[in-house]
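What follows is a single structure, written as C-alpha coordinates, with notes after it.
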Amino acid sequence: MNKTLRLILGDQLNSNHSWFNTVDDSIVYVLMEIRTETDYARHHIQKVVGIFSAMQGFSNELVSNHHQVIYFHLNDPNNKQSFDGNIQNLISKFHFTHFEYQLPDEYRIDVVLKNLCESISITNSVVDSEHFFTTRNELGHFFEGKKTYLMESFYRAMRKKHHILMEGDKPLTGQWNYDGDNRKKLPKNHKPTPPLVFNNQVSVILEAINQADLKTIGTIDVNHFVWPINRKQSLALLDFFATNCLPLFGTYQDAMAPNEWSLYHSRISFSMNIKLISPKEVIERAIEEWSNRPNEIQYNQLEGFVRQIIGWREYMRGIYWLKMPEYATMNFFNHQEKLPHWFWTGKTKMNCMKEAINQSLDYAYAHHIQRLMITGNFALLAGIHPDEIDAWYLGIYIDAFEWVEITNTRGMSQFADGGIVGSKPYVSSAAYIDKMSHYCGTCYYKKALKTGDKSCPFNSLYWNFYDKNEDKLASNPRIGMMYNVWRKMKSEDKIALLQQADYYLKNINEL
(Lines of atoms letter the chains of each structure in order from A and count residues from 1; the text may use other names and numbers.)
(Lines give C-alpha, C1' and ligand atoms only; values in the text may rest on other atoms or scores of the structure.)
Protein backbone atom coordinates (compact mmCIF):
# COMPACT_ATOMS: atom_id res chain seq x y z
CA MET A 1 0.00 0.00 0.00
CA ASN A 2 1.27 3.48 -0.94
CA LYS A 3 1.77 5.84 2.00
CA THR A 4 2.87 9.46 1.70
CA LEU A 5 4.62 11.55 4.38
CA ARG A 6 4.21 15.32 4.00
CA LEU A 7 6.38 17.74 5.97
CA ILE A 8 4.91 21.06 7.18
CA LEU A 9 7.47 23.59 8.40
CA GLY A 10 6.72 25.96 11.26
CA ASP A 11 6.37 28.87 8.81
CA GLN A 12 4.06 26.97 6.43
CA LEU A 13 0.79 27.08 8.39
CA ASN A 14 -1.37 27.80 5.35
CA SER A 15 -4.77 26.18 5.82
CA ASN A 16 -5.76 27.21 2.27
CA HIS A 17 -2.95 25.21 0.67
CA SER A 18 -4.21 22.76 -1.98
CA TRP A 19 -2.71 19.90 0.05
CA PHE A 20 -5.66 20.13 2.41
CA ASN A 21 -8.46 20.17 -0.19
CA THR A 22 -8.98 16.44 0.16
CA VAL A 23 -8.76 14.04 3.08
CA ASP A 24 -6.78 10.88 2.38
CA ASP A 25 -5.88 8.29 5.03
CA SER A 26 -2.80 7.27 3.05
CA ILE A 27 -1.31 10.76 3.57
CA VAL A 28 0.27 11.69 6.91
CA TYR A 29 1.40 15.22 7.81
CA VAL A 30 4.30 15.82 10.17
CA LEU A 31 5.18 18.97 12.13
CA MET A 32 8.25 19.24 14.37
CA GLU A 33 9.51 21.37 17.22
CA ILE A 34 13.25 20.72 16.91
CA ARG A 35 16.53 22.04 18.33
CA THR A 36 18.10 22.69 14.94
CA GLU A 37 15.42 25.37 14.47
CA THR A 38 15.44 26.79 18.00
CA ASP A 39 19.24 26.90 18.29
CA TYR A 40 20.60 28.29 14.98
CA ALA A 41 20.13 31.78 16.46
CA ARG A 42 19.36 33.00 19.96
CA HIS A 43 15.67 33.79 19.50
CA HIS A 44 13.30 35.99 21.44
CA ILE A 45 11.20 33.88 23.80
CA GLN A 46 8.03 35.33 22.23
CA LYS A 47 9.19 34.18 18.79
CA VAL A 48 9.68 30.58 19.90
CA VAL A 49 6.43 30.56 21.89
CA GLY A 50 4.51 32.21 19.03
CA ILE A 51 5.68 29.71 16.41
CA PHE A 52 5.16 26.66 18.64
CA SER A 53 1.69 27.89 19.65
CA ALA A 54 0.71 28.42 16.03
CA MET A 55 2.13 25.03 15.00
CA GLN A 56 0.23 23.19 17.73
CA GLY A 57 -2.99 25.01 16.87
CA PHE A 58 -2.53 24.24 13.17
CA SER A 59 -1.90 20.57 13.93
CA ASN A 60 -5.09 20.41 16.01
CA GLU A 61 -7.02 22.06 13.16
CA LEU A 62 -5.76 19.43 10.70
CA VAL A 63 -6.80 16.64 13.06
CA SER A 64 -10.26 18.17 13.51
CA ASN A 65 -10.57 18.17 9.71
CA HIS A 66 -9.81 14.42 9.73
CA HIS A 67 -6.24 14.61 8.37
CA GLN A 68 -3.60 12.20 9.70
CA VAL A 69 -0.96 14.09 11.71
CA ILE A 70 2.23 13.23 13.56
CA TYR A 71 3.46 16.02 15.86
CA PHE A 72 6.88 16.11 17.51
CA HIS A 73 6.88 18.20 20.68
CA LEU A 74 10.22 19.66 21.74
CA ASN A 75 10.73 17.25 24.63
CA ASP A 76 9.31 14.08 23.09
CA PRO A 77 11.79 11.25 23.87
CA ASN A 78 11.60 9.97 20.28
CA ASN A 79 12.32 13.43 18.80
CA LYS A 80 15.64 13.28 16.91
CA GLN A 81 15.74 17.13 16.97
CA SER A 82 16.33 17.49 13.22
CA PHE A 83 14.25 17.26 10.04
CA ASP A 84 16.36 14.53 8.49
CA GLY A 85 16.64 12.48 11.70
CA ASN A 86 12.89 12.48 12.35
CA ILE A 87 11.88 11.88 8.73
CA GLN A 88 14.30 9.02 8.20
CA ASN A 89 13.01 7.47 11.42
CA LEU A 90 9.36 7.84 10.35
CA ILE A 91 10.01 6.36 6.90
CA SER A 92 11.63 3.33 8.50
CA LYS A 93 9.04 2.91 11.26
CA PHE A 94 5.84 3.37 9.23
CA HIS A 95 7.06 2.19 5.80
CA PHE A 96 6.18 5.34 3.89
CA THR A 97 6.61 5.00 0.12
CA HIS A 98 6.71 8.69 -0.83
CA PHE A 99 7.92 11.93 0.82
CA GLU A 100 6.71 15.45 -0.04
CA TYR A 101 7.47 18.94 1.19
CA GLN A 102 6.65 22.53 0.29
CA LEU A 103 9.42 24.80 -0.98
CA PRO A 104 11.04 26.27 2.15
CA ASP A 105 11.68 29.99 2.34
CA GLU A 106 15.16 29.67 3.85
CA TYR A 107 18.25 28.60 1.94
CA ARG A 108 19.54 26.70 4.98
CA ILE A 109 16.47 24.44 5.12
CA ASP A 110 16.36 24.13 1.35
CA VAL A 111 19.82 22.52 1.46
CA VAL A 112 18.85 20.20 4.36
CA LEU A 113 15.75 18.93 2.56
CA LYS A 114 17.49 18.49 -0.80
CA ASN A 115 20.22 16.46 0.91
CA LEU A 116 17.59 14.43 2.74
CA CYS A 117 15.81 13.58 -0.51
CA GLU A 118 19.09 12.35 -1.99
CA SER A 119 19.69 10.07 0.99
CA ILE A 120 16.27 8.43 1.41
CA SER A 121 15.33 5.31 -0.53
CA ILE A 122 11.74 6.34 -1.39
CA THR A 123 10.40 8.68 -4.08
CA ASN A 124 10.00 12.32 -3.20
CA SER A 125 8.59 15.55 -4.61
CA VAL A 126 8.34 19.24 -3.76
CA VAL A 127 5.46 21.68 -4.28
CA ASP A 128 5.06 25.43 -4.03
CA SER A 129 3.99 26.96 -0.71
CA GLU A 130 1.21 28.82 -2.61
CA HIS A 131 1.77 31.98 -0.60
CA PHE A 132 3.76 34.61 -2.49
CA PHE A 133 2.88 36.72 -5.53
CA THR A 134 6.16 35.69 -7.15
CA THR A 135 8.23 32.56 -7.68
CA ARG A 136 11.71 32.30 -6.19
CA ASN A 137 13.35 33.13 -9.53
CA GLU A 138 10.95 35.77 -10.84
CA LEU A 139 12.94 38.78 -9.69
CA GLY A 140 16.15 37.33 -11.14
CA HIS A 141 14.46 36.90 -14.53
CA PHE A 142 12.98 40.41 -14.32
CA PHE A 143 16.37 42.05 -13.77
CA GLU A 144 18.34 39.74 -16.07
CA GLY A 145 21.05 41.67 -17.89
CA LYS A 146 20.60 44.77 -15.74
CA LYS A 147 23.31 46.19 -13.46
CA THR A 148 20.96 47.50 -10.79
CA TYR A 149 17.94 46.02 -9.02
CA LEU A 150 15.67 48.99 -8.54
CA MET A 151 12.77 48.05 -6.27
CA GLU A 152 10.49 50.71 -7.75
CA SER A 153 10.59 49.20 -11.23
CA PHE A 154 9.90 45.73 -9.80
CA TYR A 155 7.03 47.12 -7.72
CA ARG A 156 5.43 48.72 -10.78
CA ALA A 157 5.76 45.49 -12.73
CA MET A 158 4.04 43.60 -9.88
CA ARG A 159 1.22 46.14 -9.81
CA LYS A 160 0.71 45.68 -13.56
CA LYS A 161 1.00 41.89 -13.55
CA HIS A 162 -1.49 41.41 -10.70
CA HIS A 163 -3.62 44.41 -11.65
CA ILE A 164 -3.44 46.04 -8.22
CA LEU A 165 -4.50 49.70 -7.98
CA MET A 166 -4.45 49.99 -11.76
CA GLU A 167 -6.62 51.47 -14.52
CA GLY A 168 -5.58 49.53 -17.57
CA ASP A 169 -1.80 49.93 -17.82
CA LYS A 170 -1.78 53.14 -15.78
CA PRO A 171 -1.65 53.48 -12.00
CA LEU A 172 -4.83 54.57 -10.31
CA THR A 173 -4.64 58.39 -9.79
CA GLY A 174 -1.81 58.56 -12.38
CA GLN A 175 0.93 58.38 -9.72
CA TRP A 176 2.81 55.24 -8.75
CA ASN A 177 4.41 56.17 -5.46
CA TYR A 178 3.29 58.41 -2.60
CA ASP A 179 6.32 57.92 -0.37
CA GLY A 180 6.86 61.67 -0.12
CA ASP A 181 3.54 62.07 1.69
CA ASN A 182 4.35 59.43 4.26
CA ARG A 183 7.05 61.02 6.43
CA LYS A 184 5.29 62.99 9.14
CA LYS A 185 6.32 63.23 12.79
CA LEU A 186 3.66 62.35 15.34
CA PRO A 187 2.09 65.61 16.63
CA LYS A 188 3.06 66.27 20.25
CA ASN A 189 -0.34 65.70 21.87
CA HIS A 190 -1.53 63.07 19.39
CA LYS A 191 -2.53 59.79 21.03
CA PRO A 192 -2.45 56.88 18.54
CA THR A 193 -5.14 54.23 18.45
CA PRO A 194 -4.38 51.63 21.19
CA PRO A 195 -3.21 48.39 19.53
CA LEU A 196 -5.31 45.26 19.36
CA VAL A 197 -3.55 42.63 21.47
CA PHE A 198 -4.49 39.08 22.37
CA ASN A 199 -4.51 37.38 25.74
CA ASN A 200 -3.25 33.99 24.70
CA GLN A 201 -2.36 31.63 27.55
CA VAL A 202 0.99 29.99 26.76
CA SER A 203 2.27 28.69 30.11
CA VAL A 204 2.39 25.04 28.99
CA ILE A 205 4.57 25.84 25.98
CA LEU A 206 6.82 28.08 28.06
CA GLU A 207 7.25 25.30 30.62
CA ALA A 208 8.37 22.90 27.87
CA ILE A 209 10.85 25.48 26.55
CA ASN A 210 12.27 26.01 30.04
CA GLN A 211 12.48 22.26 30.57
CA ALA A 212 14.52 21.98 27.37
CA ASP A 213 16.79 24.77 28.65
CA LEU A 214 16.57 26.80 25.43
CA LYS A 215 18.68 29.95 25.43
CA THR A 216 16.38 32.86 24.55
CA ILE A 217 16.22 36.64 24.90
CA GLY A 218 13.47 39.07 25.85
CA THR A 219 10.46 38.90 28.16
CA ILE A 220 7.00 37.33 27.97
CA ASP A 221 3.67 37.49 29.78
CA VAL A 222 2.45 33.89 29.69
CA ASN A 223 -1.15 34.80 30.52
CA HIS A 224 -1.42 37.65 28.01
CA PHE A 225 0.62 36.65 24.95
CA VAL A 226 -0.20 39.53 22.65
CA TRP A 227 0.55 38.02 19.22
CA PRO A 228 -1.95 36.16 16.98
CA ILE A 229 -1.38 32.41 17.05
CA ASN A 230 -4.03 31.22 14.58
CA ARG A 231 -5.79 32.29 11.40
CA LYS A 232 -8.85 33.66 13.21
CA GLN A 233 -6.75 36.01 15.34
CA SER A 234 -4.62 36.98 12.35
CA LEU A 235 -7.71 37.97 10.36
CA ALA A 236 -8.99 39.92 13.38
CA LEU A 237 -5.69 41.84 13.53
CA LEU A 238 -5.87 42.52 9.78
CA ASP A 239 -9.45 43.74 10.16
CA PHE A 240 -8.46 45.97 13.09
CA PHE A 241 -5.66 47.50 11.01
CA ALA A 242 -7.88 48.18 8.00
CA THR A 243 -10.64 49.69 10.12
CA ASN A 244 -8.68 51.64 12.73
CA CYS A 245 -5.09 52.15 11.56
CA LEU A 246 -5.09 52.40 7.76
CA PRO A 247 -6.56 55.95 7.79
CA LEU A 248 -3.30 57.26 9.29
CA PHE A 249 -0.87 54.46 8.46
CA GLY A 250 1.00 56.15 5.62
CA THR A 251 1.24 59.57 7.25
CA TYR A 252 2.92 58.28 10.42
CA GLN A 253 4.58 55.09 9.19
CA ASP A 254 8.06 56.55 9.81
CA ALA A 255 7.20 58.28 13.11
CA MET A 256 8.62 57.22 16.49
CA ALA A 257 7.52 58.10 20.02
CA PRO A 258 8.36 56.85 23.54
CA ASN A 259 5.99 54.23 24.93
CA GLU A 260 4.21 53.87 21.58
CA TRP A 261 5.27 50.48 20.31
CA SER A 262 2.56 49.93 17.69
CA LEU A 263 1.38 53.33 16.39
CA TYR A 264 -0.59 52.74 13.14
CA HIS A 265 1.37 49.72 11.94
CA SER A 266 -0.46 46.53 11.04
CA ARG A 267 1.84 44.11 12.94
CA ILE A 268 0.66 41.32 10.64
CA SER A 269 4.15 40.40 9.38
CA PHE A 270 4.42 37.51 11.86
CA SER A 271 1.06 36.09 10.70
CA MET A 272 2.05 36.49 7.06
CA ASN A 273 5.54 35.09 7.50
CA ILE A 274 4.23 31.85 9.04
CA LYS A 275 1.47 31.88 6.38
CA LEU A 276 -1.59 32.07 8.61
CA ILE A 277 -2.75 34.76 6.17
CA SER A 278 -1.66 35.53 2.61
CA PRO A 279 -0.34 38.77 1.10
CA LYS A 280 -3.16 38.62 -1.45
CA GLU A 281 -5.92 38.69 1.16
CA VAL A 282 -4.05 41.36 3.13
CA ILE A 283 -3.93 43.68 0.13
CA GLU A 284 -7.51 42.92 -0.86
CA ARG A 285 -8.75 43.73 2.65
CA ALA A 286 -6.93 47.09 2.69
CA ILE A 287 -8.22 48.02 -0.78
CA GLU A 288 -11.75 47.03 0.24
CA GLU A 289 -11.62 49.33 3.28
CA TRP A 290 -10.29 52.23 1.21
CA SER A 291 -12.96 51.63 -1.45
CA ASN A 292 -15.70 51.73 1.19
CA ARG A 293 -14.35 54.86 2.91
CA PRO A 294 -12.76 57.04 0.19
CA ASN A 295 -13.47 60.24 2.12
CA GLU A 296 -11.87 58.93 5.32
CA ILE A 297 -8.86 57.09 3.91
CA GLN A 298 -6.59 59.06 1.60
CA TYR A 299 -4.99 57.15 -1.25
CA ASN A 300 -1.43 57.72 0.00
CA GLN A 301 -2.22 55.69 3.15
CA LEU A 302 -3.24 52.70 1.04
CA GLU A 303 -0.48 52.92 -1.56
CA GLY A 304 2.23 53.02 1.12
CA PHE A 305 0.86 49.84 2.66
CA VAL A 306 0.42 48.02 -0.65
CA ARG A 307 4.02 48.93 -1.59
CA GLN A 308 5.34 47.30 1.59
CA ILE A 309 3.54 44.05 0.79
CA ILE A 310 3.77 43.62 -2.98
CA GLY A 311 6.88 45.77 -3.38
CA TRP A 312 9.39 45.37 -0.57
CA ARG A 313 8.34 41.97 0.74
CA GLU A 314 8.38 40.23 -2.64
CA TYR A 315 11.48 42.18 -3.74
CA MET A 316 13.50 41.17 -0.67
CA ARG A 317 12.58 37.52 -1.15
CA GLY A 318 13.60 37.71 -4.81
CA ILE A 319 16.99 39.23 -3.94
CA TYR A 320 17.48 36.52 -1.31
CA TRP A 321 17.01 33.64 -3.76
CA LEU A 322 19.02 35.42 -6.45
CA LYS A 323 22.05 36.14 -4.27
CA MET A 324 22.25 33.36 -1.65
CA PRO A 325 24.41 31.87 -0.25
CA GLU A 326 27.04 34.52 -1.11
CA TYR A 327 24.79 37.26 0.26
CA ALA A 328 25.23 35.97 3.82
CA THR A 329 28.97 36.69 3.70
CA MET A 330 28.97 40.18 2.16
CA ASN A 331 30.79 42.88 4.13
CA PHE A 332 31.34 45.87 1.82
CA PHE A 333 32.94 48.11 4.47
CA ASN A 334 34.90 45.23 6.07
CA HIS A 335 33.36 46.08 9.44
CA GLN A 336 34.71 43.94 12.28
CA GLU A 337 33.39 45.29 15.61
CA LYS A 338 31.24 43.45 18.15
CA LEU A 339 27.76 44.60 19.17
CA PRO A 340 27.78 46.67 22.37
CA HIS A 341 26.55 44.71 25.42
CA TRP A 342 23.55 47.00 25.81
CA PHE A 343 22.02 45.77 22.55
CA TRP A 344 20.94 42.78 24.66
CA THR A 345 19.80 44.75 27.71
CA GLY A 346 18.67 48.20 26.52
CA LYS A 347 20.83 49.79 29.23
CA THR A 348 22.22 52.81 27.38
CA LYS A 349 22.00 56.55 27.94
CA MET A 350 21.01 57.13 24.30
CA ASN A 351 17.25 57.54 24.55
CA CYS A 352 16.44 56.48 20.99
CA MET A 353 18.47 53.29 21.32
CA LYS A 354 17.07 52.57 24.78
CA GLU A 355 13.48 52.96 23.52
CA ALA A 356 13.97 50.85 20.38
CA ILE A 357 15.88 48.06 22.14
CA ASN A 358 13.66 47.84 25.23
CA GLN A 359 10.58 47.80 23.02
CA SER A 360 12.14 44.95 21.03
CA LEU A 361 12.94 43.02 24.23
CA ASP A 362 9.40 43.58 25.58
CA TYR A 363 7.39 42.91 22.41
CA ALA A 364 9.77 41.16 19.96
CA TYR A 365 8.83 44.00 17.62
CA ALA A 366 9.98 47.35 16.28
CA HIS A 367 8.77 49.04 13.12
CA HIS A 368 10.89 49.51 10.02
CA ILE A 369 12.28 52.97 10.84
CA GLN A 370 13.27 51.95 14.36
CA ARG A 371 15.12 49.02 12.82
CA LEU A 372 16.63 51.00 9.93
CA MET A 373 17.33 54.46 11.35
CA ILE A 374 17.90 53.76 15.05
CA THR A 375 19.46 50.36 15.78
CA GLY A 376 20.66 49.72 12.23
CA ASN A 377 21.95 53.27 11.79
CA PHE A 378 23.99 53.04 14.98
CA ALA A 379 25.42 49.61 14.09
CA LEU A 380 26.54 50.87 10.68
CA LEU A 381 28.11 54.05 12.09
CA ALA A 382 29.87 52.00 14.78
CA GLY A 383 31.38 49.55 12.27
CA ILE A 384 29.65 46.45 13.67
CA HIS A 385 30.34 43.22 11.76
CA PRO A 386 27.27 42.32 9.65
CA ASP A 387 27.22 38.82 11.19
CA GLU A 388 26.72 40.40 14.62
CA ILE A 389 23.82 42.67 13.72
CA ASP A 390 22.38 39.97 11.46
CA ALA A 391 22.15 37.48 14.33
CA TRP A 392 20.62 40.15 16.59
CA TYR A 393 17.85 41.07 14.13
CA LEU A 394 17.17 37.42 13.29
CA GLY A 395 16.83 36.53 16.95
CA ILE A 396 15.03 39.47 18.51
CA TYR A 397 12.10 40.01 16.11
CA ILE A 398 9.08 37.72 16.01
CA ASP A 399 8.67 38.25 12.25
CA ALA A 400 12.35 37.64 11.39
CA PHE A 401 12.99 34.72 9.05
CA GLU A 402 16.24 34.74 7.11
CA TRP A 403 14.71 35.29 3.66
CA VAL A 404 13.30 38.65 4.73
CA GLU A 405 15.68 39.54 7.56
CA ILE A 406 19.07 39.18 5.91
CA THR A 407 18.28 41.25 2.81
CA ASN A 408 16.91 44.02 5.01
CA THR A 409 19.86 43.82 7.42
CA ARG A 410 22.87 43.33 5.15
CA GLY A 411 21.33 45.24 2.29
CA MET A 412 19.00 48.01 3.36
CA SER A 413 20.35 48.59 6.86
CA GLN A 414 24.09 47.87 6.75
CA PHE A 415 24.90 48.41 3.03
CA ALA A 416 27.07 45.30 3.40
CA ASP A 417 26.01 44.21 -0.09
CA GLY A 418 27.61 47.32 -1.58
CA GLY A 419 24.38 48.64 -3.06
CA ILE A 420 22.41 45.67 -4.39
CA VAL A 421 19.33 46.59 -2.35
CA GLY A 422 19.86 50.22 -1.39
CA SER A 423 21.32 52.97 -3.55
CA LYS A 424 23.10 54.57 -0.56
CA PRO A 425 23.90 53.77 3.09
CA TYR A 426 21.04 54.75 5.41
CA VAL A 427 22.88 56.76 8.04
CA SER A 428 21.93 59.94 9.85
CA SER A 429 22.94 62.29 12.61
CA ALA A 430 20.67 63.32 15.48
CA ALA A 431 18.86 65.78 13.19
CA TYR A 432 16.90 63.05 11.38
CA ILE A 433 16.10 61.17 14.58
CA ASP A 434 14.75 64.35 16.14
CA LYS A 435 12.79 65.18 12.99
CA MET A 436 10.97 61.83 13.04
CA SER A 437 10.72 61.09 16.77
CA HIS A 438 10.10 62.41 20.27
CA TYR A 439 13.17 60.65 21.66
CA CYS A 440 15.71 63.46 21.77
CA GLY A 441 14.01 65.90 24.15
CA THR A 442 14.54 63.78 27.26
CA CYS A 443 17.89 62.25 26.29
CA TYR A 444 21.05 62.39 28.42
CA TYR A 445 22.89 63.47 25.27
CA LYS A 446 22.22 66.78 23.53
CA LYS A 447 21.06 66.52 19.93
CA ALA A 448 22.57 69.90 18.93
CA LEU A 449 26.07 69.16 20.27
CA LYS A 450 28.52 67.59 17.84
CA THR A 451 31.47 67.34 20.25
CA GLY A 452 31.97 67.48 23.99
CA ASP A 453 30.80 65.53 27.04
CA LYS A 454 27.09 65.24 26.24
CA SER A 455 27.23 65.49 22.46
CA CYS A 456 24.93 63.04 20.71
CA PRO A 457 27.06 60.07 19.57
CA PHE A 458 25.18 59.94 16.27
CA ASN A 459 26.61 63.35 15.29
CA SER A 460 30.33 62.58 15.46
CA LEU A 461 29.92 58.96 14.38
CA TYR A 462 28.03 60.17 11.30
CA TRP A 463 30.92 62.29 10.03
CA ASN A 464 33.47 59.68 11.09
CA PHE A 465 31.65 57.11 8.95
CA TYR A 466 31.79 59.33 5.86
CA ASP A 467 35.43 60.25 6.45
CA LYS A 468 36.48 56.64 6.94
CA ASN A 469 34.66 55.38 3.84
CA GLU A 470 35.33 58.22 1.43
CA ASP A 471 37.14 55.97 -1.03
CA LYS A 472 34.06 53.74 -1.29
CA LEU A 473 31.32 56.36 -1.16
CA ALA A 474 32.52 59.68 -2.57
CA SER A 475 31.48 58.81 -6.13
CA ASN A 476 27.94 57.88 -5.07
CA PRO A 477 25.71 60.59 -6.61
CA ARG A 478 23.14 60.35 -3.79
CA ILE A 479 25.62 61.39 -1.11
CA GLY A 480 28.04 63.65 -2.97
CA MET A 481 26.51 66.64 -1.20
CA MET A 482 27.60 65.33 2.22
CA TYR A 483 31.20 65.09 1.04
CA ASN A 484 31.01 68.67 -0.21
CA VAL A 485 29.91 69.74 3.28
CA TRP A 486 32.68 67.67 4.89
CA ARG A 487 35.38 69.07 2.63
CA LYS A 488 34.35 72.65 3.38
CA MET A 489 34.57 72.18 7.15
CA LYS A 490 37.44 73.80 9.03
CA SER A 491 40.22 71.32 9.71
CA GLU A 492 39.99 71.89 13.48
CA ASP A 493 36.27 71.06 13.40
CA LYS A 494 36.96 67.88 11.45
CA ILE A 495 39.66 66.84 13.92
CA ALA A 496 37.33 67.47 16.88
CA LEU A 497 34.57 65.39 15.31
CA LEU A 498 36.90 62.48 14.51
CA GLN A 499 38.43 62.58 18.01
CA GLN A 500 34.97 62.59 19.57
CA ALA A 501 33.92 59.63 17.42
CA ASP A 502 37.11 57.77 18.33
CA TYR A 503 36.40 58.32 22.04
CA TYR A 504 32.82 57.04 21.69
CA LEU A 505 33.92 53.98 19.70
CA LYS A 506 36.57 53.09 22.25
CA ASN A 507 34.02 53.44 25.05
CA ILE A 508 31.05 52.05 23.18
CA ASN A 509 29.83 49.85 26.03
CA GLU A 510 29.56 52.91 28.29
CA LEU A 511 27.31 54.98 25.97
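The opening residue of the sequence shown carries number 0 in numbering that gives the first Met the number 0; numbering runs sequentially from there.
No residue lacks a Cβ here, since even glycine has one placed at the ideal position from N, Cα and C.
Through-space distance from residue j to residue i, alpha-carbon basis
{"i": "Ser152", "j": "Trp311", "result": "11 angstroms"}
{"i": "Cys351", "j": "Glu259", "result": "13 angstroms"}
{"i": "Leu115", "j": "Phe95", "result": "15 angstroms"}
{"i": "Asp168", "j": "Asn176", "result": "15 angstroms"}
{"i": "Val47", "j": "Val305", "result": "29 angstroms"}
{"i": "Gly179", "j": "Ala254", "result": "14 angstroms"}
{"i": "Glu117", "j": "Ser436", "result": "53 angstroms"}
{"i": "Thr336", "j": "Glu283", "result": "The sequence shown places Glu at residue 336, rather than the Thr named in the question. Roughly 44 angstroms separates the two Cα atoms."}
{"i": "Asn136", "j": "Ile494", "result": "49 angstroms"}
{"i": "Ile276", "j": "Tyr263", "result": "19 angstroms"}
{"i": "Leu338", "j": "Arg107", "result": "24 angstroms"}
{"i": "Ala355", "j": "Ile373", "result": "7 angstroms"}
{"i": "His42", "j": "Ile33", "result": "14 angstroms"}
{"i": "Ser412", "j": "Val403", "result": "12 angstroms"}
{"i": "Arg5", "j": "Asp501", "result": "56 angstroms"}
{"i": "Phe400", "j": "His97", "result": "29 angstroms"}
Secondary structure of residue i, DSSP reduced to three states
{"i": "Met435", "result": "helix"}
{"i": "Asn199", "result": "strand"}
{"i": "His43", "result": "strand"}
{"i": "Phe269", "result": "helix"}
{"i": "Phe332", "result": "coil"}
{"i": "Pro170", "result": "strand"}
{"i": "Lys505", "result": "helix"}
{"i": "Lys423", "result": "coil"}
{"i": "Tyr251", "result": "coil"}
{"i": "Ile163", "result": "coil"}
{"i": "Leu185", "result": "coil"}
{"i": "Ile478", "result": "coil"}
Residue i classed as buried or exposed, judged by whether at least 16 other C-beta atoms fall within 10 angstroms
{"i": "Val110", "result": "exposed"}
{"i": "Met0", "result": "exposed"}
{"i": "Ala525", "result": "Lying before the first or after the last residue shown, residue 525 is absent from the chain, which here runs from 0 to 510."}
{"i": "Met488", "result": "exposed"}
{"i": "Lys565", "result": "Coverage of the chain is limited to positions 0 through 510, which leaves residue 565 absent and any answer about it impossible."}
{"i": "Gln252", "result": "buried"}
{"i": "Tyr154", "result": "buried"}
{"i": "Lys423", "result": "exposed"}
{"i": "Arg292", "result": "exposed"}
{"i": "Asn376", "result": "buried"}
{"i": "Ser124", "result": "exposed"}
{"i": "Phe93", "result": "exposed"}
{"i": "Glu469", "result": "exposed"}
Distance CB(residue i)-CB(residue j) smaller than 8 angstroms
{"i": "Phe82", "j": "Leu112", "result": "yes"}
{"i": "Pro408", "j": "Ile388", "result": "Just to set this straight, residue 408 is Thr in the shown sequence, not Pro. Contact flag set, yes."}
{"i": "Tyr28", "j": "Val68", "result": "yes"}
{"i": "Phe457", "j": "Leu380", "result": "yes"}
{"i": "Ile44", "j": "Gly9", "result": "no"}
{"i": "Gln499", "j": "Ser428", "result": "no"}
{"i": "Ile368", "j": "Phe269", "result": "no"}
{"i": "Thr250", "j": "Gln307", "result": "no"}
{"i": "Ser17", "j": "Glu143", "result": "no"}
{"i": "Ala241", "j": "Glu302", "result": "no"}
{"i": "Phe464", "j": "Val420", "result": "no"}
{"i": "Tyr431", "j": "Pro257", "result": "no"}
{"i": "Ile163", "j": "Ile267", "result": "no"}
Query raised in the report: Taking contact to mean at least 3 C-beta pairs separated by less than 8 angstroms, is the region 216 to 223 in contact with the region 346 to 362?
Result: Counting Cβ pairs under 8 angstroms, three or more are found: they touch.
Report task. Examine the Cβ distances between the region 407 to 423 and the region 218 to 238 and report whether three or more of them are shorter than 8 angstroms. Result -> Taking one beta carbon from each stretch, the region 407 to 423 and the region 218 to 238 have fewer than 3 pairs nearer than 8 angstroms; the two do not touch.
Query raised in the report: Should the region 318 to 334 be regarded as contacting the region 186 to 200, the criterion being three or more beta carbon pairs within less than 8 angstroms?
Result: no
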